[in-house]
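Residue numbers (our numbering): 6 to 502.
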Amino acid sequence: MWWSRSTPVHEYGDNYLRAASPNECRCIIREELDFYRTIVVGGLYEFEFSHPTKDSTSIVHTFAPAIKKCIDSHPHLSTIISGADTNSPYFESCPRLDLANHVEIRPQPRKTDQDEEEAIARLLPDILDMKPAQGIPPWKVIILPFDDCRVFVAFAYSHGPLDGMSGMIFHQTFLDSIQREPGDTGRDGNEKETLVYSPTFRQLPPPFDTKKNLPISWSFLLSPLLSVYLPPSFGFRANIITPTTWLGSSIFYDDPDKLKTGLEMFSVDSTTLKKVLEACRGTKIGGAKMTGLLHELISEAMFKLLPSTKYENLAAQTTINMRGAVGIPADEMGLCAGGDTEIIDRQSIGTGTRSWTVARSMTTKLAAVSQKTKDQSLGLLRYLNDVRSWTLSKIGEKRDCSYELSNLMSFRSNRNSSGVQIQKMVFAQPASVSGPTLFFNAVSVDGGPMTVTATWQIGALDLGTHQSQSQSGNESEFVKAICRRVQEGLVRIAEDE
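Take a look at the structure:
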């Protein structure tokens with residue numbers, strides 16, 4: 006198979022699994038260069054009966070069996086990334102995991118200091134800015150207890166082998182295990198033996214971005230090259246980015262200590278969310294889904310805040326779960342995300358009676374792209390010989406999109422199951438040196454609220470001298486205003502329904 010190395014496996018050791026795919030290479034090398042750090046998908050767990058939350062050791066032992074179940078169910082969680090400092094990274098199985106390295110308990114916040122959402126928002130940037138671990142599987146479960154019945158569980162992990170949906174899959178397995186099995190109280194008295202776990206050797210699933218899954222035509226392959234040498238009239242140049250496209254600052258990386266993630270977060274309660282979804286299915290916004298609707302509300306908010314004399318359009322990128330398009334099981338972890346970029350013009354938003362044109366148009370386009378496997382730009386990565394040099398060459402260049410929207414959709418669990426439920430989900434991405442200027446990350450709980458985080462590399466919004474305190478404050482106010490307008494827009498839709 007294509008991912009098998011020509012060199013005998015034994016030269017890489019008995020624990021060798023497979024080579025990283027082109028997109029896995031891109032993400033792994035991006036992290037090794039410190040251009041991207043840790044992705045987070047978290048859940049607020051509510052227990053029917055109290056659990057010990059004051060003692061860190063007790064918390065770890067309570068959740069250890071569920072974490073072991075996740076490791077057994079998903080071989081990526083017992084996988085080490087090797088060769089990250091080369092152009093040919095690969096994966097090895099980790100024969101022995103010490104859960105003490107993969108579980109971290111944060112101090113319980115005082116109720117007088119902040120509510121739960123504020124506490125989570127304060128916690129997230131610190132997690133996002135952590136560098137993924139080396140030499141062990143690059144993931145960690147970070148637990149923030151609120152009381153004996155409510156605990157925030159953050160699954161923090163490397164984006165190299167796993168996408169955002171993999172975080173949802175982790176929580177599904179984790180929740181199912183907690184609902185079925187009681188926690189381990191360390192009754193054998195030997196904590197070290199309880200927390201050290203040796204999983205069965207398991208091969209990783211094949212990667213998503215194979216030649217079979219993502220075929221490339223000759224015309225699509227040659228388009229990037231021909232666009233450099235031929236005039237636009239020949240039709241080989243996309244011309245989606247113009248001087249009036251807002252892209253924030255040029256790509257920059259000063260030093261590791263200055264790479265910080267800015268974050269704003271808001272929630273939409275379950276009643277409002279239900280009415281908005283009903284409006285999308287009804288006559289007012291019929292034909293639009295939540296992702297398309299969020300694109301319209303985000304772009305409208307940004308256009309109102311950006312000077313109209315300078316910026317006329319936005320390059321809006323959407324992350325798409327491609328598992329269904331290529332037959333990968335919905336509950337299989339991996340890096341299975343594709344993407345699409347569309348230009349949203351200021352004039353398409355309008356100022357009068359809403360027609361929801363952008364929401365409907367984006368919904369239609371994304372539905373088509375989610376089933377398209379031929380001539381995906383992601384497939385071009387396999388023709389790139391030196392991913393490291395290509396990534397480094399982006400420093401000083403313009404960013405390729407204004408913002409990215411990644412919607413993990415709705416987390417569904419068995420609401421009839423007693424013992425524990427997830428009341429809220431949170432999804433966030435770290436500062437991305439070479440990525441979009443802004444990330445909008447959405448996730449909801451079936452029958453519950455939707456949470457949206459907006460994250461960015463501090464200094465990347467081009468609102469002043471990057472990395473200064475005033476710059477950070479200006480950026481936070483700008484993003485906070487976007488989030489507030491989006492939240493208010495959703496509330497208005499619900500009130501009109």
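Cβ atoms here follow ideal geometry from the backbone N, Cα and C, with glycine treated the same way.
DSSP beta-bridge partners of residue i
| i | result |
| --- | --- |
| Asp-153 | Bridge partners of Asp-153: none, in fact. |
| Ala-342 | Asn-326 |
| His-43 | The question names His, but residue 43 in the sequence shown is Thr. Answer is Ser-163, bridged to Thr-43. |
| Thr-266 | Gln-462 |
| Met-414 | Note: Met-414 sits in no beta bridge, so no partner. |
| Gln-428 | Looking at the DSSP assignment, Gln-428 forms no beta bridge with any residue, so it has no partner. |
| Ile-147 | Glu-109, Ala-159 |
| Ile-348 | Ala-320 |
Candidates the options: closest to residue i by CA position
| i | options | result |
| --- | --- | --- |
| Lys-265 | Ala-436, Asn-390, Val-156, Phe-483 | Ala-436 |
| Gln-139 | His-107, Glu-121, Pro-114, Arg-155 | His-107 |
| Gln-208 | Asp-214, Val-45, Ser-83 | Ser-83 |
| Glu-186 | His-66, Pro-312, Ile-85, Pro-150 | His-66 |
| Thr-250 | Leu-466, Ala-499, Pro-27, Arg-23 | Leu-466 |
| Thr-205 | Lys-74, Tyr-50, Ile-354, Val-484 | Lys-74 |
| Gly-259 | Ser-481, Phe-40, Ala-124, Lys-145 | Position check: residue 259 holds Asp in this sequence, whereas Gly was assumed. Ranking the options by Cα distance to Asp-259, first place goes to Phe-40. |
| Ala-372 | Gly-329, Asn-390, Trp-395, Arg-359 | Gly-329 |
| Ile-33 | Glu-269, Gln-376, Gly-165, Asp-336 | Gly-165 |
| Leu-298 | Ser-254, Ile-325, Phe-271, Ser-366 | Ser-366 |
| Ala-89 | Ile-400, Val-425, Val-392 | Val-392 |
| Arg-417 | Gly-267, Thr-362, Ala-335, Lys-370 | Ala-335 |
| Val-1 | Asp-19, Thr-456, Phe-54, Ala-447 | Absent from the model: residue 1. The displayed extent of the chain is 6 to 502, so no value can be given. |
| Ser-182 | Gln-426, Ile-125, Met-170 | Gln-426 |
| Leu-180 | Gly-48, Ile-148, Leu-167, Ser-228 | Gly-48 |
| Arg-31 | Gly-424, Ile-148, Arg-115, Ser-163 | Ser-163 |
| Lys-145 | Ile-44, Val-496, Gly-452, Glu-409 | Ile-44 |
Helix, strand or coil at residue i according to DSSP, with G and I counted as helix
| i | result |
| --- | --- |
| Glu-409 | strand |
| Thr-249 | coil |
| Trp-461 | strand |
| Asp-391 | coil |
| Gly-18 | coil |
| Ala-306 | helix |
| Gly-191 | Confidence in Gly-191 is poor, its pLDDT being 42 and thus under 50, which makes the residue's placement too unreliable to answer from. |
| Thr-178 | helix |
| Glu-53 | coil |
| Val-273 | strand |
| Thr-84 | strand |
Straight-line Cα distance separating residue j from residue i
| i | j | result |
| --- | --- | --- |
| Ile-132 | Ser-411 | 19 angstroms |
| Ser-398 | Glu-37 | 15 angstroms |
| Thr-247 | Pro-441 | 16 angstroms |
| Phe-239 | Phe-225 | Because Phe-239 sits at a pLDDT of 47, beneath the cut-off of 50, its placement in the model cannot be relied upon, and the point is left open. |
| Val-491 | Ile-303 | 6 angstroms |
| Arg-101 | Ile-141 | 9 angstroms |
| Lys-379 | Thr-323 | 18 angstroms |
| Lys-294 | Ile-498 | 13 angstroms |
| Thr-215 | Ala-25 | 11 angstroms |
| Phe-444 | Phe-432 | 11 angstroms |
| Phe-308 | Ala-69 | 48 angstroms |
| Asp-77 | Phe-175 | 11 angstroms |
| Gln-474 | Lys-263 | Confidence is the limiting factor: at Gln-474 the pLDDT is only 46, short of 50, which leaves the residue's position unreliable, though a coordinate-based value still follows. Using only the alpha carbons, I get a separation of about 12 angstroms. |
| Thr-178 | Ala-71 | 8 angstroms |
| Asp-118 | Lys-280 | No answer about Asp-118 holds up, because its pLDDT of 48 lies below 50 and its placement is not dependable. |
| Gly-478 | Phe-257 | 19 angstroms |
| Arg-42 | Ser-360 | 40 angstroms |
| Arg-489 | Glu-269 | 10 angstroms |
| Glu-305 | Ala-364 | 11 angstroms |
| Asn-326 | Arg-35 | 21 angstroms |
| Gln-376 | Gly-332 | 11 angstroms |
| Ala-161 | Ile-245 | 34 angstroms |
| Arg-320 | Ser-254 | Inspection of the sequence shows that residue 320 is occupied by Ala rather than by Arg. Rounded to the nearest angstrom, the two C-alpha atoms are 14 angstroms apart. |
| Met-414 | Thr-456 | 10 angstroms |
| Arg-111 | Val-46 | 16 angstroms |
| Leu-389 | Ser-87 | 20 angstroms |
| Tyr-17 | Lys-136 | 25 angstroms |
| Ile-400 | Pro-27 | 21 angstroms |
| Glu-29 | Pro-212 | 8 angstroms |
| Ser-449 | Asp-501 | 22 angstroms |
| Trp-395 | Pro-143 | 24 angstroms |
| Phe-52 | Phe-271 | 24 angstroms |
Any non-hydrogen atom of the ligand FAD closer than 6 angstroms to residue i Cβ
| i | result |
| --- | --- |
| Thr-288 | This structure lacks the ligand FAD, and indeed carries no ligand of any kind. |
Touch test, the region 281-296 against the region 458-466, Cβ-Cβ under 8 angstroms, three pairs minimum: Below 8 angstroms, too few C-beta pairs join the region 281-296 and the region 458-466 to call them touching: fewer than three.
Touch test, the region 397-417 against the region 211-222, Cβ-Cβ under 8 angstroms, three pairs minimum: Counting Cβ pairs under 8 angstroms, fewer than three are found: no touch.
Stretch-stretch touch, CB-based, cutoff 8 angstroms, three pairs: the region 384-398 with the region 314-322: Contact fails: fewer than three Cβ-Cβ distances are below 8 angstroms.
The region 481-496 touching the region 337-357, judged by at least three CB pairs closer than 8 angstroms: The region 481-496 makes no contact with the region 337-357: fewer than 3 CB pairs, one atom from each, lie closer than 8 angstroms.
At least 3 beta-carbon pairs within less than 8 angstroms: the region 346-353 vs the region 262-279: The region 346-353 is not in contact with the region 262-279.
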